[in-house]
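Remember, our numbering sits 36 above the position in the sequence shown when you count from 1.
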Amino acid sequence: MDLLNILRPLARQTLLCVGAILALPMMVIAQRPAPRTTAPGITTAARASAKDSADALATFRENLAAIHQRDKARYLATYVHTARLVRHSPSGMETGYDGWSAITENAWPDTLIVKEMRVTPIAPGVVYGSYRYIGVPAPGDTLTGVSTRVFVRTPQGMRITVTASWNDAVPPVKR
Numbered sequence: 037m038d039l040l041n042i043l044r045p046l047a048r049q050t051l052l053c054v055g056a057i058l059a060l061p062m063m064v065i066a067q068r069p070a071p072r073t074t075a076p077g078i079t080t081a082a083r084a085s086a087k088d089s090a091d092a093l094a095t096f097r098e099n100l101a102a103i104h105q106r107d108k109a110r111y112l113a114t115y116v117h118t119a120r121l122v123r124h125s126p127s128g129m130e131t132g133y134d135g136w137s138a139i140t141e142n143a144w145p146d147t148l149i150v151k152e153m154r155v156t157p158i159a160p161g162v163v164y165g166s167y168r169y170i171g172v173p174a175p176g177d178t179l180t181g182v183s184t185r186v187f188v189r190t191p192q193g194m195r196i197t198v199t200a201s202w203n204d205a206v207p208p209v210k211r
């Protein structure tokens, strides 16, 4: 028997053993389940998005509760107190917290009925929200429309950075 014929099977077995030994750590890593920081099937991004939405909804509800209770301090606390505040209405857009008429005025609707409130995340830490309303600014007047908000995560929690409101095209109904 030729020496080469004897060594060939040994070389083949040696290579297979060395290959298996080298591949073993990769197989262990591949079979090891990834560490989970969230529930199965829910990504960390999805969990953060859900938290942003829940926190924005809580701030939205706080904002509306302050309107219903005519609590100015509580109402203003739901907004950013910076130049990043944007207020938009049919009469135009204004920016900045300083100089905002809501700081000094006490204009509250007589009645505010909120319908179809919704929030949706648009980026990490940013949530858009809207609702339809029926408002009675003064006895005998009824307005309907849409109000929207953009919420941003701040060190104080979710705060409103954009607020907008438009009455429907139908003129107010006098009773």
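We put the beta carbon where it would ideally sit given N, CA and C, even for glycine. Since we're looking at a predicted model, the values are computed, not measured.
Item: Residues in its own chain within less than 6 Å of E130 by CB, not counting five upstream and five downstream?; Value: R123
Item: Taking 8 Å as the limit between beta carbons, can you name the residues of its chain near A138, skipping five residues before and five after?; Value: K108, Y111, L112
Item: Looking only at DSSP bridge pairs, what is Y115 linked to?; Value: I196
Item: Would I170 and I196 be called neighbours here (beta carbons separated by less than 8 Å)?; Value: no
Item: Quick one: residues in its chain with C-beta nearer than 8 Å to the C-beta of R192, no 5 flanking neighbours on either side, listed in chain order?; Value: A quick correction: the sequence has Gln, not Arg, at residue 192. The answer is none, since no qualifying residue turns up.
Item: Under the assumption that G165 contacts V188 (Cβ atoms under 8 Å), give the Cβ distance between them as a whole number of angstroms.; Value: In fact, because the Cβ distance is near 12 Å, the residues do not count as touching under 8 Å.
Item: Quick one: using the 10 Å Cβ neighbour count with 16 as the cut-off for buried, is P157 buried or exposed?; Value: buried
Item: Tell me the DSSP bridge mates of P157?; Value: V163
Item: In angstroms with no decimal places, state the Cα-to-Cα distance between V35 and T80.; Value: Any question about residue 35 goes unanswered here, given that the chain covers just 37 to 211.
Item: Can you list, in chain order, the stretches of the alpha helix (DSSP H) that have 4 or more residues and sit fully within the segment 79 to 118?; Value: 80 to 105, 108 to 112
Item: For a quick check, are the C-beta atoms of W144 and I103 less than 8 Å apart?; Value: yes
Item: Could you give the distance in angstroms between the alpha-carbon of R120 and the alpha-carbon of A200?; Value: 14 Å
Item: Taking the alpha carbon of T147 as the reference point, which residue from Q105, W202, S85 has its own alpha carbon closest?; Value: Q105
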